[in-house]
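Protein chains: 2
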Amino acid sequence: MEVMGGKWKSCILYELEKGSKRPSELHRHFENTSPRVINQQLKELEIHGMIEKTIFPELPPHVEYSITDDGRSLIPIIRMLEQWGDSFRPKMTRILEKTETTE
Amino acid sequence: MEVMGGKWKSCILYELEKGSKRPSELHRHFENTSPRVINQQLKELEIHGMIEKTIFPELPPHVEYSITDDGRSLIPIIRMLEQWGDSFRPKMTRILEKTETTE
DNA sequence: TCATATACGGACAAATTTATCCCTATGTCC
DNA sequence: GGACATAGGGATAAATTTGTCCGTATATGA
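These protein sequences, in sequence, are chains A and B. Numbering-wise, the first sequence is residues 349 to 451 according to the numbering used here. Numbering-wise, the second sequence is residues 349 to 451 according to the numbering used here.
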């Protein structure tokens, strides 16, 4: 949970599993989240070896993040969670309706 | 993640999947965690319909928590996470050694 | 009467996570 | 020069989660 539990980590892994991406692409993809926050999640994923950072020594700077084999080994779990969430969402919606009532 | 991501939730589901238990049994099982915290997690799991609470109208009070079908549907995911964690733990240990260095 | 057991929860503190604000630096185009 | 793009991070605030302390109530047994 420490490795994949961050608020955006599973989403980032999910995106990178489809192909390597530059930071700016990821920032555009998560438009409702500040770049800073995504960078933090990327850094932790990198420290844990779930993703890899490649720096192309060019100007302007060019960086790419790609998923590693260890990161890819989390994808089946992420998909299971996704499917479970999809199937449970209707019930969850009803639960939230009961709880939040106006408030 | 909101449903099963709590610090003790997957552990509680794991225990209840083995059989219904009384709150005091669970408190004894998680001896390093205060009963209050376990109660909070139980309450949330109950609200989300992952566990069920049965009150026996006796004195002294007798309560039992049991896992529901929805809760049971999370068990395969919890097991996958457990297996992934077991297999990744050696690498994780090395990563933590590098990071924490004395500090 | 006092200690134990059952089960629960309010008020608060501590810790952790997430988010915002603003700054660095370099280069291109108008 | 000014606007934009690239990639990044320090300082700090806000929000959430986790944990502690102490209280409720009832009943049993020493």
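Glycine included, C-beta positions come from ideal geometry on N, C-alpha and C.
Aspartate 434 of chain A to threonine 441 of chain A span [Cα, whole Å]:
Sequence index remark: in the first sequence, residue 434 of chain A carries index 86 (1-based). Sequence index remark: in the first sequence, residue 441 of chain A carries index 93 (1-based). So the alpha carbons of these two residues sit roughly 11 Å apart.
Can you give the Cα-Cα distance for histidine 375 of chain B and glutamate 350 of chain B, rounded to whole angstroms?
The residue given as residue 375 of chain B occupies position 27 in the second sequence. The residue given as residue 350 of chain B occupies position 2 in the second sequence. Taking the straight line joining both Cα atoms gives about 23 Å.
Flag this pair as yes or no: are the beta carbons of serine 414 of chain B and serine 368 of chain B separated by less than 9 Å?
Here residue 414 of chain B corresponds to residue number 66 of the second sequence, with the count starting at 1. Here residue 368 of chain B corresponds to residue number 20 of the second sequence, with the count starting at 1. Yes, the Cβ-Cβ distance between serine 414 of chain B and serine 368 of chain B is below 9 Å.
So with Cβ pairs under 9 Å, would you call isoleucine 395 of chain A a contact of chain B?
Your numbering for residue 395 of chain A matches position 47 in the first sequence. Closer than 9 Å to some Cβ of chain B, the Cβ of isoleucine 395 of chain A qualifies, so yes.
Grab me the residues of glutamate 363 of chain A's own chain with a C-beta within less than 8 Å of its C-beta, minus the 5 sequence neighbours each way, in chain order.
Taking the first sequence and counting its residues from 1, one reaches residue 363 of chain A at position 15. Counting only Cβ-Cβ distances below 8 Å, and skipping sequence neighbours, we find Lys369, Leu374, His377.
Per DSSP, what are the beta-bridge partners of isoleucine 399 of chain B in this structure?
Within the second sequence, numbered from 1, the residue matching residue 399 of chain B stands at position 51. DSSP output for isoleucine 399 of chain B lists B:Ile415 as bridge partner(s).
Leucine 407 of chain B: contacting residues in chain A (beta-carbon distance under 9 Å)
For the purposes of this step, residue 407 of chain B is taken as the residue at position 59 of the second sequence. Residues of chain A passing the Cβ test: none, with the nearest at roughly 31 Å.
Give the DSSP-derived three-state secondary structure of lysine 355 of chain A in the structure shown.
On the first sequence, residue 355 of chain A is found 7 positions in, with the first residue counted as 1. Of the three classes helix, strand and coil, the one that applies to lysine 355 of chain A here is coil, per DSSP.
Run through chain A and tell me which residues come within less than 8 Å of aspartate 418 of chain B, C-beta to C-beta.
For the purposes of this step, residue 418 of chain B is taken as the residue at position 70 of the second sequence. Per Cβ cutoff of 8 Å: Phe436, Lys439.
Neighbour-count burial assignment, glutamine 389 of chain B, 16 or more Cβ in a 10 Å radius:
Taking the first residue of the second sequence as position 1, residue 389 of chain B is located at position 41. The residue is buried, with at least 16 neighbouring Cβ atoms inside 10 Å.
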